[in-house]
Amino acid sequence: MSGEVAKAAPNELQHGPRADLGRGDGPFTPRQLARIDEALTLSSRETGLVFSVYVGELKPPTRAHAEALFEQLTDNAVLIAVSPGQRVLHIVTGPVSAKRLPNRACALAALAMRASFANGDLTGGIVTGLRMLADSAGSQ
Amino acid sequence: MSIVQTLLVFVGIPAGIIAIIYVAVYGKSMVRQPNRYRPGRPWEYAASWYVPHPDAVVDSGAPSPSGTTPSTTAVGGASGEW
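From first to last, the protein sequence lines stand for chains A and B.
Residue numbering for the first sequence follows the working numbering, beginning at 1 and increasing consecutively.
Residue numbering for the second sequence follows the working numbering, beginning at 1001 and increasing consecutively.
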């Protein structure tokens, strides 16, 4: 396992390993970060889509903010935006990824994620959502 | 029994037992918080955006570096609240 999650601040999307993450400042422990990293990497490699996970506040209207964040990505990207404070999650697909992931598949993943989030399991919900989306999209 | 002995037996021992039970119950969550999110509590962490490692992305669809203009539009997806 690579062990680090590439992290980007909103509006300045970066990629690449950042080893200084997960030492107590962020919301996730190093083990939780490793789980998210594994799920992100595996689902992206398996499907050929670019999955990314945003965790933080979304300005109302939250859907519009999530879509604005998505517009910084590429056509084959899938954005999972989670706002734990507002108890809202959005899955956004683009022109290419929407063909692989119909809205019904996204809704199913969102349903499973909601169940985990309502139990307070943020990491589990994100990992479950990524796996379900990757399974729905299938291998390329 | 002197006053010191009385205090030790009737105050010190109960206080010690209470402290042991308190540490046994709350100690783990005082030291580290493996799951810091509780539904309904405010979320005070800075926003973070996790993307896969570039070498995991097969084709050239890697997220563009910072400073680029919007490159795609949202087509579909789903939403949820909990």
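From the three backbone atoms N, C-alpha and C, an ideal C-beta is built for every residue, glycine too.
Please read these numbers as outputs of a predicted model, since none were measured by experiment.
Among the options, which residue has its Cα nearest to the Cα of residue i?
i                 : options                                       : result
Leu133 (chain A)  : A:Gly56, A:Ser83 and A:Gly48                  : A:Gly48
Gly1080 (chain B) : A:Gly85, A:Leu79, A:Gly120 and A:Leu89        : A:Leu89
Asp121 (chain A)  : A:Val96, A:Thr93 and A:Pro84                  : A:Pro84
Gly26 (chain A)   : B:Tyr1045, B:Gly1027, B:Pro1052 and B:His1053 : B:Tyr1045
Gly56 (chain A)   : B:Val1004, B:Val1011, B:Arg1038 and B:Ser1048 : B:Ser1048
Ser60 (chain A)   : A:Pro30, A:Ser97, A:Arg87 and A:Ile126        : Ser is not the amino acid found at residue 60 (chain A); the sequence shown has Pro there. It is A:Arg87 whose Cα lies nearest to the Cα of Pro60 (chain A).
Phe51 (chain A)   : A:Ser116, A:Ala81, A:Ala118 and A:Ala68       : A:Ala81
Gly138 (chain A)  : A:Asp75, A:Arg114, A:Ile126 and A:Lys99       : A:Lys99
Pro1039 (chain B) : A:Gln140, A:Gly125, A:Arg63 and A:Ala118      : A:Ala118
Thr29 (chain A)   : B:Val1075, B:Tyr1037 and B:Ala1024            : B:Tyr1037
Asp37 (chain A)   : B:Val1057, B:Pro1042 and B:Tyr1050            : B:Tyr1050
What residues in its chain sit with their C-beta under 7 Å from that of residue i, if we drop five residues either side in the sequence?
i                 : result
Ala112 (chain A)  : Thr128, Gly129 and Met132
Met1001 (chain B) : none
Glu46 (chain A)   : Ala134 and Ser139
Ser44 (chain A)   : Val50 and Phe51
Thr1085 (chain B) : Lying before the first or after the last residue shown, residue 1085 (chain B) is absent from chain B, which here runs from 1001 to 1082.
Gly125 (chain A)  : Met113, Ser116 and Phe117
By the three-class DSSP mapping on this structure, what secondary structure does residue i have?
i                 : result
Glu1081 (chain B) : strand
Ala1015 (chain B) : helix
Gly56 (chain A)   : coil
Ser83 (chain A)   : strand
Ala9 (chain A)    : Residue confidence for Ala9 (chain A) is low, a pLDDT of 46 falling below 50, so the modelled location carries little weight; the figure read from the coordinates is stated next. Residue state, collapsed to three classes: strand.
His65 (chain A)   : helix
Gly1051 (chain B) : It should be noted that the sequence gives Val, not Gly, for residue 1051 (chain B). Three-state DSSP puts Val1051 (chain B) in a strand.
Leu101 (chain A)  : coil
Val1025 (chain B) : helix
Ala77 (chain A)   : strand
Val96 (chain A)   : coil
Phe28 (chain A)   : coil
Leu49 (chain A)   : coil
Gly143 (chain A)  : Outside the modelled stretch of chain A, which goes from 1 to 140, sits residue 143 (chain A), for which no answer is possible.
Leaving out five residues on either side along the sequence, give the residues of the same chain with a beta carbon under 6 Å from the beta carbon of residue i.
i                 : result
Cys106 (chain A)  : Ile91
Gln32 (chain A)   : Thr123
Val96 (chain A)   : Asp75 and Asn76
Ile1018 (chain B) : none
Which whole-angstrom value describes the C-beta separation of residue i and residue j, a residue pair presumed to lie in contact below a C-beta threshold of 8 Å?
i                 : j                 : result
Thr1072 (chain B) : Ala77 (chain A)   : 7 Å
Gly1016 (chain B) : Thr93 (chain A)   : With 8 Å as the limit, Gly1016 (chain B) and Thr93 (chain A) do not qualify as a contact, their Cβ atoms being about 60 Å apart.
Leu40 (chain A)   : Pro1052 (chain B) : 4 Å
Report the neighbours of residue i on chain C: residues whose CB is nearer than 9 Å to its CB, in chain order.
i                 : result
Ser1071 (chain B) : The structure shown has no chain C; the protein chains it does contain are A and B.
Leaving out five residues on either side along the sequence, give the residues of the same chain with a beta carbon under 8 Å from the beta carbon of residue i.
i                 : result
Ala66 (chain A)   : Tyr54, Leu58, Leu79, Ala81, His90 and Val92
Phe1010 (chain B) : none
- Listed in chain order, which residues of the stretch 46-63 of chain A have Cβ atoms closer than 7 Å to some Cβ of chain B? Gly48, Val50, Phe51, Ser52, Val53, Tyr54, Val55, Gly56, Glu57 and Arg63
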